[in-house]
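Numbering (this note's numbering), first residue to last: 138 to 323.
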């Protein structure tokens with residue numbers, strides 16, 4: 138997001154998750170930070186109370202497909218159907234393609250469907266918390282080194298990321314809060 142102001146946009150993919158999402162919500166509350174959660178429809182069906190907690194805390198939500206579908210490996214029709222299924226649970230005009238993988242023809246088809254989210258949100262800082270070969274400390278340093286005013290940062294509220302998220306998220310929140318940054322939702 139183009140700006141010179143000390144504003145950052147944290148985002149969390151793949152939830153809601155029964156352990157990771159409550160941890161994230163607790164950390165955000167401690168720093169009076171807002172964020173955007175790109176949720177998977179089937180996870181909302183499994184954990185509706187946790188999804189409601191995201192909304193109740195005034196964070197924004199976005200569509201991340203029903204089944205974490207990879208656009209490069211699926212037809213446009215199947216991809217749009219999966220987005221539509223998730224839209225039954227997620228009332229948002231924000232969409233993030235899983236893995237950041239969406240083909241140009243899928244973007245064009247999505248834009249023609251006014252019943253589906255129109256704002257595709259990518260990122261400029263990928264935390265790497267999903268990578269089991271790195272530490273939480275390395276994940277935090279990755280974010281700190283590559284983040285600047287207006288950065289959209291991706292973390293994951295998932296079981297796979299939890300070990301690194303538990304270490305990295307508090308460090309990132311503290312570091313940038315101490316530098317005078319605000320964390321806003323998209």
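Idealized CB from N, CA, C, for every residue including glycine.
Note that the structure is a prediction, hence the values are computed from the model and not measured.
In this structure the region 270-283 does not touch the region 230-249; the number of beta carbon pairs closer than 8 Å is below three. Assigned with DSSP and collapsed to three states, residue 184 falls in coil, not helix or strand. Residue 283 counts as exposed, since fewer than 16 other beta carbons sit within 10 angstroms of its beta carbon.
Taking all protein chains in view, the Cβ of residue 236 is surrounded by fewer than 16 other Cβ atoms within 10 Å, so the residue is classified as exposed. Looking at 205, 316, 290, the one whose alpha-carbon comes closest to that of residue 305 is 290. Taking the CA atoms as reference points, residue 185 sits about 37 Å from residue 141. Partner residues in the beta bridge of residue 290, as assigned by DSSP, are 147, 262. In this structure, the beta-carbon distance from residue 161 to residue 319 does not fall below 8 Å.
A distance below 7 Å between beta-carbons, with the five flanking residues on each side excluded, links residue 321 to the following residues of its chain, in chain order: 144, 146, 171. The C-beta of residue 165 has 16 or more other C-beta atoms within 10 Å across all chains shown, which makes the residue buried.
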